[in-house]
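Residues 1 to 78 in the UniProt record's numbering are what the sequence shown lists, from first letter to last.
Below is one structure, written out as structure tokens, with a few remarks after it.
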Amino acid sequence: WYKGAKEGVVIAGGQGQGNALTQLYGPQGLFVDTVGTLYVADAGNNRVMRWTRQATQGTLIVGGNSAGAGANQLNGPY
1 WYKGAKEGVV IAGGQGQGNA LTQLYGPQGL FVDTVGTLYV ADAGNNRVMR WTRQATQGTL
61 IVGGNSAGAG ANQLNGPY
């Protein structure tokens, strides 16, 4: 919520389930840093996504290469 807001605003996802940069599939955890950037552990897509303020889509931070134990893979992060 923004200060004084009467309605919430969708920051991440909101476009149905999927693997596009505007979608999540089984989000499990989130973190907001000191500048308001949102990080989401997207377990169903085996990735961590980032949304900066005013972003219209997320940025892939890590994973997204199917589940696994490789250096470029995650397995259901949360």
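Virtual Cβ for every residue (Gly too), placed ideally from N, Cα, C.
Item                                                                           : Value
For W51 and A5, believed in contact at Cβ under 8 Å, the rounded distance      : Not quite, the Cβ-Cβ distance comes to about 18 Å (not below 8 Å), so this is no contact.
Status (buried if at least 16 other CB within 10 Å, exposed otherwise) for V48 : buried
Whether G64 touches N75 by CB criterion (8 Å)                                  : no
Spatial distance of Q15 from A55 (CA atoms)                                    : 14 Å
Beta bridge counterpart(s) of A41 as assigned by DSSP                          : G29, V48
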